[in-house]
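Residue numbers (the numbering used here): 181 to 362.
Glycine residues also receive a C-beta, built at the ideal position from the N, C-alpha and C atoms.
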């Protein structure tokens with residue numbers, strides 16, 4: 181028998197081992213790349229979800245202030261509708277691009293819950309722009325907005341695989357409503 185034939189099983193073992201090592205490294209790199217890519221998209225979605233929430237919340241906060249001025253909300257920092265107009269416009273302008281990013285990157289459920297929340301916020305804005313002072317209607321809008329917000333956050337947490345969070349509903353001390361300042 182020649183020396184080459186005697187060495188052939190060892191040579192075949194080295195080739196098979198090298199191919200196996202190469203395949204394991206390539207597969208590991210692919211898996212790591214996918215994990216990193218998934219993590220980057222999740223971070224980006226979290227950013228988009230948070231920016232959208234902040235833009236809707238801006239509208240909500242301004243409407244609280246105007247409603248406080250009309251005497252239907254106990255918010256401690258009342259604001260006239262005239263003073264609120266630029267703030268409402270700014271909130272709407274900010275909400276549009278964040279809404280587009282949400283449509284692009286958000287899951288269907290998150291987008292649907294975002295729509296529910298923003299519709300309630302827009303109805304609150306319409307309420308204060310019309311100068312209404314119906315406390316019961318305002319309370320109903322507040323409840324819809326709070327439920328919309330809670331649904332949005334629950335959908336975001338579910339989409340990102342986060343544990344359930346706080347509902348952000350805690351009792352506030354009852355305050356005497358501020359009389360309307362017209």
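- residue 232 (DSSP reduced to helix, strand or coil): helix
- Message: Using CA atoms only, rank isn't needed, just tell me which of 318, 340, 276 is closest to residue 288.
- Response: 340
- Message: Distance check for residue 307 and residue 320, CA to CA, integer angstroms please.
- Response: 11 Å
- Straight-line Cα distance separating residue 299 from residue 234: 15 Å
- Query: Could you give the residue range of the alpha helix (DSSP H) that holds residue 277?
  - Reply: 261-285
- Message: Here's the rule I'm using: 16 or more other beta-carbon atoms within 10 Å means buried, otherwise exposed. How should residue 221 be labelled?
- Response: exposed
- Message: Please report the straight-line C-alpha distance between residue 327 and residue 216, rounded to a whole angstrom.
- Response: 34 Å
- Task: Compute the distance between the beta-carbons of residue 297 and residue 252, then report whether it is under 8 Å.
- Result: no
- Message: Looking at residue 301: is its Cβ nearer than 8 Å to the Cβ of residue 246?
- Response: no
- Message: Am I right that residue 311 and residue 261 are in contact with their C-beta atoms under 8 Å? What's the rounded C-beta distance?
- Response: 7 Å
- Query: With 16 as the cutoff for other CB atoms within 10 Å, does residue 258 come out buried or exposed?
  - Reply: buried
- Message: Rounded to the nearest angstrom, what separates residue 219 and residue 325 at their Cα positions?
- Response: 31 Å
- Pull up the distance between the alpha-carbon of residue 265 and that of residue 309, whole angstroms please. 9 Å
- Item | DSSP state of residue 255 mapped onto helix, strand, coil | coil
- Should residue 267 and residue 242 be called a contact, given that it needs their Cβ atoms to be closer than 8 Å? yes
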